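Notes follow the structure.
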Amino acid sequence: MSFNITLAGDSSLNVVLSSVISDDASRLVRAAADAIEAADIPGVTELVPTFCSVMICYDPLLIGYADLAQRVSEQLSQLSLGHEAARRVIEIPVCYGGDFGPDIATVMEHSGLTEEELVALHSGHDYLINMLGFLPGFAYLGGLDERLHTPRLDSPRTTIPAGSVGIGGAQTGIYPLASPGGWQLIGRTPVRPYDADRERPILYEAGDYLRFVPISKEDYVRIEAAVADGSYECRVHLEGTAEEGSCAIYEGEVR
């Protein structure tokens, strides 16, 4: 495995694994982060996987930069990706258009698609979560069809409702909390990607896949009520690779 280790301040370093954002780069980042975590290196306080690198935060009173870089190099030199592991696909119900998607007409005009074609295209692909950032539970997703690439708003909104699904340039994603933002809003999910009161506050993690499932306004209201009373569970698929020839589907504990 080829990688470079660079300084990232006085108490962190970066392990750069690729210069191009891709599914393969994401696999490398996840494998490297898992290997470093498994090594349980004294002094390491946090790992932050990104699109193409892993930032390692450490306590310089417990381990120095040179020693940490050496330990990390030794660990990654033995790393082998092997076959792709089974993947977890989380279904996210989305009500497209209307008040939930005020910018869907802009995306339609930019893409030349009808609303039905746009919804089918956006929901017809499983999106790899390359990394989390910006807000707790904000997933940077890979794989948006080029026909849906749409420039961000010229003037960002000061507040976007939690659960809003948008498109910003070549990316799509969900706003997990109410916040400012400049993406084109095409729908909204009643599911809470981030909930501080849950045992696992963030619904998913880097390496998972999201599958957007179109729903009606009536479904949205019903699911929103179920989410509020704690009775709603996202449907989660555990899918094996083609080599393994298996696909298991189950109702997940994710809420």
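Going by my numbering, the sequence shown opens with residue 1437, and the numbers climb by one from there. Quick reminder that beta carbons are idealized off the backbone N, C-alpha and C, glycines included. As the structure is a prediction and not an experimental result, all values here were calculated from the model.
Pull the bridge partners of residue i from the DSSP assignment, please.
i     : result
S1489 : V1452
V1586 : This sequence places Thr at residue 1586; Val is not what is there. T1586 pairs with G1605.
I1596 : S1615
G1578 : L1564
E1482 : C1493
I1441 : V1451
Does the beta-carbon distance from residue i to residue j come in below 8 Å?
i     : j     : result
S1513 : N1450 : no
P1485 : G1573 : no
A1575 : I1610 : yes
P1592 : P1612 : no
A1598 : A1614 : yes
A1467 : L1568 : no
R1471 : L1515 : Correcting the residue identity first, residue 1471 is Ala in this sequence and not Arg. Yes, Cβ-Cβ distance for A1471 and L1515 is below 8 Å.
S1509 : I1441 : yes
L1464 : S1448 : no
L1549 : R1583 : yes
L1564 : D1459 : yes
P1626 : V1555 : no
Go to residue i, then tell me how far its alpha helix (DSSP H) extends in each direction, as first and last residue.
i     : result
A1541 : 1540-1547
Y1656 : 1653-1664
E1635 : From DSSP, E1635 is part of no alpha helix (DSSP H); its letter is neither H nor E.
If distances are taken between C-alpha atoms only, which option among the options comes closest to residue i?
i     : options                    : result
I1457 : I1540, L1577, E1527, F1648 : L1577
G1623 : L1568, K1653, L1639        : K1653
D1562 : R1583, D1590, E1527        : E1527
I1647 : H1558, T1542, S1516        : A small correction: the amino acid at residue 1647 is Arg; Ile does not occupy that position in the sequence shown. Residue H1558 is the option with its Cα nearest to R1647.
D1655 : A1522, V1672, P1478, V1530 : V1530
G1560 : Y1668, G1579, A1469        : G1579
D1665 : R1634, S1462, Q1620        : R1634
From what residue to what residue does the beta strand (DSSP E) around residue i run?
i     : result
S1615 : 1615-1617
R1507 : Counting along the chain, R1507 falls outside any beta strand (DSSP E), though it belongs to the alpha helix (DSSP H) covering 1501-1513.
Y1645 : 1645-1650
I1622 : 1620-1624
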